[in-house]
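Quick notes on the structure that follows.
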Amino acid sequence: MPIRRRLFEGLSWRLEARAAASPPPTGDRIRGCAGRMMGLARAHDCLPDIEQQAAILCFHGITERPDPEVEDNVLSLRNFRRLLDVLKRSFRVIGLAELVACINEHRSPPPKSIVVTFDDGYACCHEIAAGELALRRMPWSVFLPAHLIETGGRQWLDDVRVLIHRGERKRIVLHWDGRAVEFDLSTPERRSAAVKQIIETCRYLPESQRRPRFEELLSLFSEDEIAFLRDQYPSFAPMTWQQARELKLAGVDVGSHGLSHIALAPQRPDFIRHELTAARDLLQQRIGDHSPHFSYPYGRPAAMSPDTESLIREMGYHCAVTLEQEIVRCEACNLMALPRLIVSAQVGRVLFGLWQRFL
Ligand SMILES: [Zn+2]
131 MPIRRRLFEG LSWRLEARAA ASPPPTGDRI RGCAGRMMGL ARAHDCLPDI
181 EQQAAILCFH GITERPDPEV EDNVLSLRNF RRLLDVLKRS FRVIGLAELV
231 ACINEHRSPP PKSIVVTFDD GYACCHEIAA GELALRRMPW SVFLPAHLIE
281 TGGRQWLDDV RVLIHRGERK RIVLHWDGRA VEFDLSTPER RSAAVKQIIE
331 TCRYLPESQR RPRFEELLSL FSEDEIAFLR DQYPSFAPMT WQQARELKLA
381 GVDVGSHGLS HIALAPQRPD FIRHELTAAR DLLQQRIGDH SPHFSYPYGR
431 PAAMSPDTES LIREMGYHCA VTLEQEIVRC EACNLMALPR LIVSAQVGRV
481 LFGLWQRFL
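Positions in the sequence shown are counted from 1; adding 130 to them yields the numbering used here.
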């Protein structure tokens, strides 16, 4: 084994052991620093070539200067460029269709293959990310929640982040299942805890329960305040159909992310079918044939089910991607539930994770 790799390997395991033994924020900091350092030292250049493995990365938004409290999955442009440069130098970025073909034909993808995907169809994908990826000649996929693109609507959980963190209210009371739930929003830590609790409690509910909860939250803020706060966060704005068409014309793989960006599995079967077919029809009307790739909204086990999977297959999609935090092991993977690694705002942590996973 080359001496450089042995050195980085020994160091990374030692740091991982320290990170795992520390409380989560400290552990993340250790991983982040280690990844940044490894990026600078070009550690990823000496990763071994392992057959039959690939990583699919899931990005969300890119912005010039993210607000880390509110935009937790949004990368700064500087970090995005830094990450793409490491990918360009030390990995092989391939398209999702190429990975699917390798899996179907039982051949190994090129060593250290990475697939770049963007969920949620934010306008910043078109306005910022597309140019950076084109500059480096990297293929990529974007998954659109069709109804949000159609209406220019924001995602409810982005609204929760913006309103709770940056709204004027210092305390709110919501009524869930006839029970009053009070949230103290007097400090940034309490606001973060409230965002987490609201999102985690509502994310996997049937629409008939989630929607009234969200509408009650919206009703606590004036229309002017909501509009003002949304304006402060352009990274959460959806792209337009025109932008989607331009991406498709430029060769970007444009797939479906459902209709209204809700977790599918908890919904009634006819509702799930509607979410899938109406999304497909709307995409067809607005951009023509879209790619045969689907991305599960929320992508965790609670958002997926065997019935949903067979519906997606029945509709002719060639693969569906999830947010199960794993790399793809081509010999034993399910094309209807391909795992992806979420790219967080801390590029150091992403680089550290890639190193550990490809070792
Ligand atoms: Zn999504």
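Each residue gets a CB set at the ideal place from its N, CA and C atoms; glycine is no exception. Keep in mind that this is a model prediction, so the values were computed, not measured.
Fully contained in the segment 160 to 193 are the following beta strand (DSSP E) runs of length 3 or more, in chain order: 183 to 189, 191 to 193. Closest by C-alpha distance to residue 238, out of 484, 477, 463, 455, is 463. Screening all residues for a C-beta within a distance smaller than 6 Å of any heavy atom in ligand 1 leaves 249, 250, 387, 391, 427, in chain order.
The beta carbons of residue 471 and residue 260 sit no closer together than 8 Å. Going by beta carbons, residue 397 and residue 337 fall inside the 8 Å limit. The continuous alpha helix (DSSP H) containing residue 374 extends over residues 371 to 379. Inclusion of residue 227 and residue 383 in the CB contact set at 8 Å is warranted, their separation being smaller than that value.
Looking at the DSSP output, residue 306 bridges to 309. Its Cα nearest to that of residue 271, the residue 425 stands out among 474, 211, 425. Within the segment 194 to 270, the complete alpha helix (DSSP H) segments of 4 residues or longer fall at 207 to 220, 226 to 234, 260 to 265, listed in chain order. DSSP, read as helix, strand or coil, puts residue 404 in helix. Counting only unbroken stretches of 3 or more residues, the beta strand (DSSP E) elements lying wholly within the segment 296 to 355 are 301 to 306, 309 to 314, in sequence order.
Taking C-beta atoms under 8 Å as the contact rule, residue 189 and residue 247 qualify, at a distance of about 7 Å. Per DSSP, residue 366 lies in no beta strand (DSSP E) and is assigned neither H nor E. Per DSSP, the beta-bridge partners of residue 472 are 188.
Note on residue 450: 16 or more other CB atoms within 10 angstroms of its CB, so buried under the neighbour-count rule.
Beta-bridge partners assigned by DSSP to residue 273: 249, 385. Measuring C-alpha to C-alpha distances from residue 293 to each of 242, 358, 459 identifies 358 as the nearest. In this structure, residue 448 lies near residue 230, with their beta-carbon atoms less than 8 Å apart. It is roughly 9 Å from the alpha-carbon of residue 355 to the alpha-carbon of residue 298.
For residue 393, there is no enclosing beta strand (DSSP E), since its DSSP letter is neither H nor E.
If the five residues before and after residue 477 are omitted, its C-beta is found closer than 6 Å to the C-beta atoms of 209, 212, 213, all from its own chain and listed in chain order. Taking residue 218 as reference, the option from 234, 197, 157, 245 with the minimal CA-CA separation is 245.
For the pair of segments examined, the segment 433 to 445 was found to touch the segment 399 to 413: the number of CB pairs separated by less than 8 Å reaches three. Distance between residue 263 and residue 300, taken at the CA atoms: about 41 Å. For residue 460, the secondary structure class from DSSP, reduced to helix, strand or coil, is helix. In this structure, the alpha-carbon of residue 473 lies about 11 Å from that of residue 192. When the alpha-carbon of residue 325 is set against those of 347, 390, 257, 305, the nearest one is in 347. According to the DSSP secondary-structure assignment, residue 423 is paired through a beta bridge with 449.
Two segments are said to touch when three or more pairs of C-beta atoms, one from each, lie closer than 8 Å; by this definition the segment 301 to 315 touches the segment 327 to 346. Following the DSSP letters along the chain, one finds residue 483 inside the alpha helix (DSSP H) bounded by residues 477 to 488. Exclusion of the five residues before and after residue 267 leaves no residue of its chain whose Cβ lies closer than 6 Å to its Cβ.
In the structure shown, residue 435 falls within a coil segment according to DSSP collapsed to helix, strand and coil. Within 10 angstroms of the beta-carbon of residue 172 lie fewer than 16 other beta-carbons, which makes it exposed.
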